[in-house]
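Counting along the sequence shown from 1, when you hit position 346 you're at 346 in full-length UniProt numbering, and nothing is skipped either side.
Note that beta-carbon positions come from the ideal geometry of N, C-alpha and C, so glycine has one too.
Remember, it's a predicted structure, so these values are computed and weren't measured experimentally.
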Amino acid sequence: MKVVNISSGSNSSRCSTIHEEAFAAIQGSRTPTSPIFSYGDRNLYKEPEPKRKKNKSGLVEELNRVEIPHTSLDTVENKEKLPTYLPAIMGCRSVCEFQCLNKIEEGTYGVVYRAQDKRTNEIVALKRLKMEREKEGFPITSLREVSTLLKAQHENIVTVREIVVGSNMDSIFMVMDYVEHDLKSLMEVLKSKKQSFLPGEVKCLLQQLLRAVAHLHDNWILHRDLKTSNILLSHSGILKVGDFGLAREYGSPLKAYTSIVVTLWYRAPELLLGIQEYSTPIDIWSVGCIFGELLTLDAIFQGKFEADQINKIFKELGTPNDSIWPGYSELPIVKKASFGNNPVSNLRRRFSSRLSELGVDLMQKFLTYDPAKRISAEEALNHTYLQEPPFPIHPSMLPTWPAKSESNGARNAQSPKPPSGGRAYKQMNEEVDVDANTGFHMGSAHVHRRANLLGPGFSLKF
1 MKVVNISSGS
11 NSSRCSTIHE
21 EAFAAIQGSR
31 TPTSPIFSYG
41 DRNLYKEPEP
51 KRKKNKSGLV
61 EELNRVEIPH
71 TSLDTVENKE
81 KLPTYLPAIM
91 GCRSVCEFQC
101 LNKIEEGTYG
111 VVYRAQDKRT
121 NEIVALKRLK
131 MEREKEGFPI
141 TSLREVSTLL
151 KAQHENIVTV
161 REIVVGSNMD
171 SIFMVMDYVE
181 HDLKSLMEVL
191 KSKKQSFLPG
201 EVKCLLQQLL
211 RAVAHLHDNW
221 ILHRDLKTSN
231 ILLSHSGILK
241 VGDFGLAREY
251 GSPLKAYTSI
261 VVTLWYRAPE
271 LLLGIQEYST
281 PIDIWSVGCI
291 FGELLTLDAI
301 FQGKFEADQI
311 NKIFKELGTP
321 NDSIWPGYSE
331 LPIVKKASFG
341 NNPVSNLRRR
351 FSSRLSELGV
361 DLMQKFLTYD
371 PAKRISAEEA
381 LNHTYLQEPP
391 FPIHPSMLPT
401 WPAKSESNGA
411 RNAQSPKPPS
421 GGRAYKQMNE
431 EVDVDANTGF
441 HMGSAHVHRR
451 ANLLGPGFSL
461 KF
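What follows is the structure, given as structure tokens:
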């Protein structure tokens, strides 16, 4: 087994004590110089009984220091005697207490490793947070991810166990439950073997995904990057939603957020058309795309860029209008571009061989243009498609596959990267039609440049 050193610093064999300011950055407060405990920690923590001895005068005096016997992890029986670990009292552990087994994957917001906790011998996932772009403080995406995961604990959502650190502040890791598969890699295995998920298996996976999304939305959390490569599946058949780097809490009234969220193939049309005040329906659209992918093993809308993605959606579902999507003509991108007329939806024809009438109905409700009319996760869980035969199987009945993440090769999912810029798309959305100083409309060169951004199937309005 190849051991990979994931701690940084010039002397990687030694794990230096993290500086007091590092604790303050990670834990939100300075390390206490005297025991200060929360109410719960007070119940768990007991002061050790001091040792006493008689001196020559017969008086009992306390020893100043309490000797703690060394605990070895070499034998099985000693594992039962491990002391309770209280992060609030003891601070973050060092990453040197983990043995890295192999790299699983690398994303925009961190690198994930499979590792073994030397203290308990458990296999875990270690996500190293990317800090190189951060010149001041802790990366905001990582803070959001940690805080969101702590608030959204659920059987079908990945669990963050603790934060561990290396020898400097550039080495910060999240310790999470290790899950063997991601759906995207699993579907690639099925495609290579010319296999597919059975209807009862699809329903089982969809049902678990909807439970996770319903729990997030009940707790006022938007995931904003649901896709098959961010959905994990254990050998026991338990589905877990992961990668909360783009997650945000939302409230009422809605606030304006960036529309450059959600990986392109799973992005809702309201985001593609420039809406910034959005809510839970953007996650539901992604669920509909994942539902279709579970059936076909391929993403159902595979655009190369934002305008191409809009074009593919409109060709498949028909071009919307104000009668089916009130306010459509007032959307920022629609004001600047006209789209080809595709009057008929091909969704039923595309999935009729794989879905019953009730299944097609649920798919249409996931992929409804008007966000206000799109089905919610809770409503989808009660849809009759999940109550008709073949019924959803129990998770333990799902077949098992060899875990690619347990080999030295990383997962190789062929899906687009999460949103990281959208410069050309933002340029298309800029208010540059009229020069306020001259009163002239933009020149022909500018027209052709913006038309090229839109791609085929579009024409600009002037």
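Looking at residue i and the ligand HEM, is the gap between the Cβ and the nearest heavy atom below 8 Å?
i	result
I393	In the structure shown, the ligand HEM is absent, as is every other ligand, since no ligand is present at all.
Buried or exposed for residue i, please, with buried defined as at least 16 other CB atoms from any protein chain shown within 10 angstroms of its CB.
i	result
H394	exposed
M397	exposed
Y113	buried
T148	buried
D182	buried
A247	buried
T120	exposed
A372	exposed
Q302	exposed
S72	Because S72 carries a pLDDT of 35, less than 50, the predicted location of this residue cannot be relied on, and the following value inherits that uncertainty. S72 should be labelled exposed.
L321	The residue asked about is misnamed: residue 321 is Asn in this sequence, not Leu. Looking at its Cβ environment, which holds fewer than 16 other Cβ atoms inside 10 Å, N321 is exposed.
R267	buried
K194	exposed
Does the distance from the CB of residue i to the CB of residue j come in under 9 Å?
i	j	result
N156	I104	no
L232	V179	yes
G110	S142	yes
C289	K365	no
I310	I275	no
V164	F98	yes
A307	W265	no
G245	E106	no
L317	S353	no
S338	H217	no
L355	T384	no
In the DSSP output, which residue or residues are listed as bridge partners for residue i?
i	result
Y278	Paired residues: none, contrary to the question.
S94	V165
N102	R114
Only counting the same chain, and skipping five residues up and downstream in sequence, which positions put a Cβ closer than 7 Å to that of residue i?
i	result
W325	Y369, D370
A202	Inspection of the sequence shows that residue 202 is occupied by Val rather than by Ala. So the list reads L294, L295, once near-sequence residues are dropped.
N219	K151, A152
A212	H154, N156, I157, V241
P392	G200, K203, C204, Q207, L386
L101	M1, R114, A115, Q116
E378	A214
R348	V360
F291	L206, M363, F366
Using a Cβ-Cβ cut-off of 6 Å (strictly less than) and excluding sequence neighbours within five positions of residue i, which residues of its own chain qualify?
i	result
R374	P281, I284, T368
E249	W220, I221
P390	P199, G200
V95	S7, V164, G166, F173
Leaving out five residues on either side along the sequence, give the residues of the same chain with a beta carbon under 8 Å from the beta carbon of residue i.
i	result
L381	Q207, L210, R211, A214
L190	S196, F197, L297
W401	H181, L186, V189
Starting from the N-terminal side, write out each stretch of the alpha helix (DSSP H) that is 4 residues or longer and does not extend beyond the region 302-366.
306-317, 332-336, 347-351, 357-366
Continuous alpha helix (DSSP H) assignments of at least 4 residues falling wholly in the region 121-207:
140-151, 183-192
Fully enclosed by the region 202-271, which beta strand (DSSP E) runs are 3 residues long or longer?
231-233, 239-241
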